[in-house]
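What follows is a single structure, written as structure tokens, with notes after it.
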Amino acid sequence: MEDEAIIALYWARKEEAIAETDIKYHPYCKTIAFRILSNEEDSEECVNDTWLRAWNSIPPERPGIFSAFLGRITRNLSIDRYRKTHAKRRQADLETVDIELNDCLGHYHLDEQLEDKYIAGIISAFLKELDEFSRVLFLRRYWYLESIHDMAERLDVTESKVKSNLFRTRKALKKRLMEEGVAL
Numbered sequence: 002m003e004d005e006a007i008i009a010l011y012w013a014r015k016e017e018a019i020a021e022t023d024i025k026y027h028p029y030c031k032t033i034a035f036r037i038l039s040n041e042e043d044s045e046e047c048v049n050d051t052w053l054r055a056w057n058s059i060p061p062e063r064p065g066i067f068s069a070f071l072g073r074i075t076r077n078l079s080i081d082r083y084r085k086t087h088a089k090r091r092q093a094d095l096e097t098v099d100i101e102l103n104d105c106l107g108h109y110h111l112d113e114q115l116e117d118k119y120i121a122g123i124i125s126a127f128l129k130e131l132d133e134f135s136r137v138l139f140l141r142r143y144w145y146l147e148s149i150h151d152m153a154e155r156l157d158v159t160e161s162k163v164k165s166n167l168f169r170t171r172k173a174l175k176k177r178l179m180e181e182g183v184a185l
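Quick note on numbering: the sequence shown equals residues 2 to 185 in our numbering.
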């Protein structure tokens with residue numbers, strides 16, 4: 002079923018919307034959750050919570066890109082669950098990503114920056130200007146929280162190449178944000 006038809010089901014408050022969303026987007030959302038949580042049960046719960054959150058959000062919200070809307074919900078729920086379950090002994094991946102982005106985003110988390118539409122617009126325009134390889138690396142690392150090792154393997158490059166590309170991209174993003182007057 003097409004996204005517009007699924008969204009129309011939500012607007013009509015038909016429970017079929019959730020079933021259709023699950024059929025089309027379960028693997029996508031499960032992948033996002035599992036990369037963050039590394040736990041099957043927690044990932045499934047986050048995906049189910051995503052459907053509930055979508056049900057409660059539509060209407061009044063009308064997502065422009067349904068997959069991105071669901072991905073954002075899943076990601077935020079998964080990060081919240083991760084932080085709750087690892088409050089005392091945080092594991093490396095999420096913490097490492099926060100540290101990597103701290104230099105170019107200042108004391109804000111990426112999620113907080115993306116909530117600001119002005120800053121989100123700058124980041125979006127910046128990503129569109131990147132070459133495909135750099136954009137893919139940036140999104141896989143900082144949106145999907147994929148490990149450097151996994152990215153290098155998937156793209157058949159060295160970990161060193163991934164790290165250096167991400168470093169240059171973060172540096173360029175910081176420069177762009179500063180040029181646009183964003184206080185870091």
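Just so you know, even glycine gets a beta-carbon here, dropped at the ideal spot from N, CA and C. All of these numbers come straight from a predicted model, not from anything done at the bench.
### Query
DSSP three-state call for L146: helix, strand or coil?
coil
### Same chain, Cβ closer than 7 Å to D43, five either side skipped, listed in chain order
R82
### Query
What is the DSSP secondary structure of E62, reduced to helix, strand or coil?
coil
### Message
Looking at the secondary structure, which residues open and close the alpha helix (DSSP H) in which G72 lies?
### Response
F67 to T86
### Query
Cβ of Y11 within 9 Å of Cβ of I66?
no
### Task
Compute the distance between the beta-carbons of F127 and L156, then report whether it is under 9 Å.
no
### Message
Looking at the secondary structure, which residues open and close the alpha helix (DSSP H) in which T22 lies?
### Response
E17 to L38
#### Entry: Contact between the stretch 19 to 29 and the stretch 137 to 151 (3+ Cβ pairs under 8 Å)
no
### Query
Which residues bound the alpha helix (DSSP H) around R187?
Past the edges of the chain, shown from 2 to 185, lies residue 187, and the structure says nothing about it.
### Task
State the CB to CB distance for the pair S79 and C105, rounded to an integer number of angstroms; the pair is presumed to be in contact (CB under 8 Å).
Not confirmed; about 23 Å, so no contact.
### Chain-order list of residues whose beta-carbon lies under 7 Å from that of E181 (same chain, five-residue window excluded)
I123
### Query
In three-state terms, what does DSSP make of V48?
helix
### Task
Answer yes or no: do I37 and L174 have a C-beta to C-beta separation smaller than 9 Å?
no
### Task
If I'm right that T86 touches A55 with Cβ under 8 Å, what's the distance once you round it to whole angstroms?
At roughly 23 Å, the Cβ-Cβ gap does not stay under 8 Å, so T86 and A55 are not in contact.
### Top-ranked residue by Cα proximity to E130, from M152, F35 and T170
T170
### Query
DSSP state of T170, grouped into three classes?
helix
### Task
Pick out whichever of N57, S125 and K164 has its Cα sitting closest to the Cα of A13.
N57
### Message
Is the beta carbon of G72 closer than 9 Å to that of I33?
### Response
yes
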